[in-house]
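Note sheet for the following structure.
Rendered as structure tokens:
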């Protein structure tokens, strides 16, 4: 994406401030396209040690198990256990 981008709109601006603003907006838009945000909702019923990362990993492990991808599920279980024991 960066290689395909025409940077003339940034380089043609008169002030550094304008160019910086356009460049930042362009980069943020590219990040949003390449790395979409994932939403994880924590509930009041979740244990106090539950974090958004843990909840995401637990859901990912559950999907791997249901799809019979047991090696991925095992790796995720080890990662989850490590995070919980570290906290």
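Residue numbers (our numbering): 10 to 96. Using N, Cα and C, we set each Cβ at its ideal position, and we do this for glycine too. Given the structure is predicted, the values throughout are model-derived calculations rather than measurements.
Residue closest to residue i, alpha-carbon to alpha-carbon, out of the options
i	options	result
residue 93	67, 13 and 23	67
residue 96	46, 57 and 47	57
residue 40	11, 74, 73 and 79	11
Spatial distance of residue i from residue j (CA atoms)
i	j	result
residue 27	residue 76	49 Å
residue 89	residue 33	35 Å
residue 55	residue 69	17 Å
residue 25	residue 38	20 Å
residue 91	residue 84	11 Å
residue 15	residue 21	11 Å
residue 86	residue 36	35 Å
residue 71	residue 63	12 Å
Chain-order list of residues whose beta-carbon lies under 7 Å from that of residue i (same chain, five-residue window excluded)
i	result
residue 61	49 and 51
residue 47	65
6 Å Cβ shell around residue i - same chain, five flanking residues per side excluded
i	result
residue 19	28, 31 and 32
Beta-carbon proximity list for residue i, same chain, < 8 Å, skipping 5 on both sides
i	result
residue 74	82
Item to check | Every unbroken alpha helix (DSSP H) within the region 13-56, with a cutoff of 4 residues, ordered by chain | outcome: 17-20 and 25-43
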